[in-house]
Amino acid sequence: MSAHQIVTLPNLLTGYRFAVVPILLFCLYPEANTTVSLTAFALFLSAAFTDLADGYYARKQQSESVLGKLIDPLADKVLVASALIMLIPIGRVPAYVSFLILARELVITGLRGVAASAGIVIAASSLGKIKSVAQYTAICVLIFPLGVLPIPYLHEMGLAILYFSLILTIWSGFNYFHNFQKVFLTTANMK
43 MSAHQIVTLP NLLTGYRFAV VPILLFCLYP EANTTVSLTA FALFLSAAFT
93 DLADGYYARK QQSESVLGKL IDPLADKVLV ASALIMLIPI GRVPAYVSFL
143 ILARELVITG LRGVAASAGI VIAASSLGKI KSVAQYTAIC VLIFPLGVLP
193 IPYLHEMGLA ILYFSLILTI WSGFNYFHNF QKVFLTTANM K
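Remember, this note's numbering sits 42 above the position in the sequence shown when you count from 1.
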């Protein structure tokens, strides 16, 4: 793998998501003031936008790489996991919601690994992409500090979006499992 294949705009955008995580962890604490909370919000929002941008640029520039295919979903999961975990002690996300979302991500990552070892590629579905947008939206709203905007029930709206994303998360997880089973059985019957 050449340096040109590693240092591409999509991979740099993905790397940004990894770089944001430690700062986000530092900014999301219960006693954070408004400035720190707004910084966490801006960092998470900008990182979420890089998730949308890196795939677009990879396809547009025809610079999709094996490294990118590996680190892109990993960066998404690390970003979402760090925010969901840090929002628990602040009291903005119930622990069981974070657990269910993270458990699904681990199971699907394992399923993709099993599929890849069998030579099967399970592409991301449109349902999975909608799930990601819903998760990003919910987390952005939940990170945003109270009292900055005159929007009543802002965090309650964020929690409602998070519950919606939880439904999509579970649904898309079953969808991945169903697609894996279908492709795996078809591949096994062809051998």
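Where is the CB? At the ideal position from N, CA and C, for every residue including glycine.
Practice task
Would you please verify whether the beta carbon of A90 is less than 8 Å from any beta carbon of chain B?
Solution key: In the displayed structure, chain B is absent; only one protein chain is listed.
Exercise for the section: Find out if the Cβ-Cβ distance for the pair Y58, A82 is shorter than 8 Å. Expected result: What you label residue 58 is simply residue 16 of the sequence shown in a count that begins at 1. What you label residue 82 is simply residue 40 of the sequence shown in a count that begins at 1. No; because the gap between Cβ atoms is not below 8 Å, this pair is not in contact.
Practice task
Would you kindly report the start and end of the unbroken alpha helix (DSSP H) that includes A74?
Solution key: Locating residue 74 in the sequence shown gives position 32, counting from the first residue. Run containing A74: none; DSSP gives neither H nor E here.
Exercise for the section: Please check the pair L196 and L204, which I expect to be a contact at CB under 8 Å, by giving their CB distance rounded to whole angstroms. Expected result: Residue 196 sits at position 154 when you count from the first residue of the sequence shown. Residue 204 sits at position 162 when you count from the first residue of the sequence shown. About 13 Å; that fails the 8 Å criterion.
Handout entry: Same chain, Cβ closer than 8 Å to T92, five either side skipped, listed in chain order
Key = Within the sequence shown, residue 92 is the residue found at index 50, counting from 1. For T92, where only same-chain residues beyond five positions count, the Cβ hits under 8 Å are L55, T56, Y58, R59.
Handout entry: Reduced DSSP secondary structure (H/G/I, E/B, other) of Q177
Key = Here residue 177 is taken as the residue at index 135 of the sequence shown, counted from 1. If DSSP states are grouped into helix, strand and coil, Q177 belongs with the helices.
Handout entry: Touching by the beta-carbon criterion (3+ pairs, under 8 Å), the region 119-130 and the region 171-186
Key = yes
Problem - Between the CA atoms of N75 and V63 - distance to the nearest angstrom - result: On the sequence shown, position 21 is the one that residue 63 refers to. On the sequence shown, position 33 is the one that residue 75 refers to. In a straight line, the C-alpha of V63 is about 19 Å away from that of N75.
Exercise for the section: Tell me where the alpha helix (DSSP H) around Y195 begins and ends. Expected result: Working through the sequence shown from its first residue, we reach residue 195 at position 153. Note, Y195: premise wrong, no alpha helix (DSSP H); not H, not E.
Practice task
Note the first and the last residue of the continuous alpha helix (DSSP H) segment covering V156.
Solution key: Here the question's residue 156 lines up with position 114 in the sequence shown. Here the alpha helix (DSSP H) through V156 covers 137-159.
Handout entry: Contacts around L87, its chain only, beta-carbon distance under 6 Å, and the 5 residues preceding and following it disregarded
Key = On the sequence shown, position 45 is the one that residue 87 refers to. Within the same chain, L87 has close Cβ partners C182.
Exercise for the section: Classify P52 as helix, strand or coil using the three-state DSSP reduction. Expected result: Numbered from its first residue, the sequence shown carries residue 52 at position 10. Three-state result, P52: helix.
Practice task
Could you give the DSSP three-state label for F206: helix, strand or coil?
Solution key: Taking the first residue of the sequence shown as 1, we reach residue 206 at position 164. DSSP places F206 in helix when its eight states are reduced to three.
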